[in-house]
Amino acid sequence: MRKNSINQSIALTRAGFTLLELLIVLAIILVIAAMVVPNLIGQQQGAMEKTTLTTIKNIEKNPVGIWAADHDGTYFKGSGNEAWQAMMNPPPYKGRKLRPLIAEPPADAWGQVLQYEWTGDGHSKKQGALSPAVWSIGANGQDEGGSGDDINNWTSMVAGGTK
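Each residue of the sequence shown is one higher than the last, beginning at 5 in our numbering.
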């Protein structure tokens, strides 16, 4: 009987973790988090850039390309919001009523409206351009005219997501 009470008292005193054991586990978790979190943040930024580039390429084909097809091969002449408004509410062309090409102005992965420019004989971002300039102002929210952290359709993008 006495032997059982000694075993029970030992078991009751050793039922939890010591403070030192908890601190060691916490330190290990913090070290792992410090190694993983920066990699995840970098991956998210790259994914947002790739998503924005895909959105730009899709906008370049539909609705911008469809606008040109509906208007005898000519792109919408103008820039910015007036282009997106014209594609949301296209005026009749040669007596034909045209359907809206977009429901709202297209946005990048950061939620900012994409930029557009076409003068009729090119755009100011690239000499000899054959299609309108479409670009995102990027993560910083400032328009550098297609440079800086802006993502655009006139510079080549390599697999790593850099210009």
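Ideal Cβ placement from N, Cα and C applies to all residues, glycine included.
These numbers come from a predicted model, not from an experiment.
N-terminal and C-terminal residue of the beta strand (DSSP E) that residue i is part of
i: residue 138; result: 137–140
Counted within 10 angstroms of its Cβ, other Cβ atoms place residue i as buried (16 or more) or exposed
i: residue 142; result: buried
i: residue 119; result: buried
i: residue 86; result: exposed
Supposed contact pair residue j and residue i - C-beta distance, whole angstroms, cut 8 Å
i: residue 106; j: residue 136; result: 14 Å between Cβ atoms; not a contact.
i: residue 53; j: residue 155; result: 6 Å
i: residue 56; j: residue 112; result: 4 Å
i: residue 97; j: residue 127; result: Contact doesn't hold; Cβ gap of about 22 Å is too wide.
Length of the line joining the Cα atoms of residue i and residue j
i: residue 40; j: residue 108; result: 38 Å
i: residue 35; j: residue 70; result: 53 Å
i: residue 88; j: residue 129; result: 19 Å
i: residue 62; j: residue 42; result: 31 Å
i: residue 153; j: residue 140; result: 9 Å
i: residue 73; j: residue 47; result: 38 Å
i: residue 132; j: residue 121; result: 14 Å
i: residue 30; j: residue 64; result: 50 Å
i: residue 19; j: residue 59; result: 57 Å
i: residue 22; j: residue 38; result: 25 Å
i: residue 170; j: residue 157; result: Given a span of 5 to 167 for the chain in the structure shown, any question on residue 170 remains unanswerable.
i: residue 100; j: residue 149; result: 35 Å
i: residue 114; j: residue 138; result: 16 Å
i: residue 32; j: residue 44; result: 19 Å
i: residue 134; j: residue 83; result: 16 Å
i: residue 28; j: residue 51; result: 35 Å
Residue range of the alpha helix (DSSP H) that includes residue i
i: residue 119; result: Per DSSP, residue 119 belongs to no alpha helix (DSSP H); it is in the beta strand (DSSP E), 119–122.
i: residue 71; result: 68–74
i: residue 130; result: Where residue 130 is concerned, there is no enclosing alpha helix (DSSP H), given that its DSSP letter is neither H nor E.
i: residue 58; result: 23–65
Residues near residue i by beta carbon distance below 6 Å, same chain, minus five either side
i: residue 124; result: 81
Chain-order list of residues whose beta-carbon lies under 8 Å from that of residue i (same chain, five-residue window excluded)
i: residue 104; result: 91, 92, 93 and 94
i: residue 116; result: 140, 141 and 145
i: residue 102; result: 74, 94, 95 and 96
i: residue 110; result: 59, 63, 88, 117 and 118
Own chain, CB closer than 7 Å to residue i, minus 5 neighbours either side, in chain order
i: residue 78; result: 72
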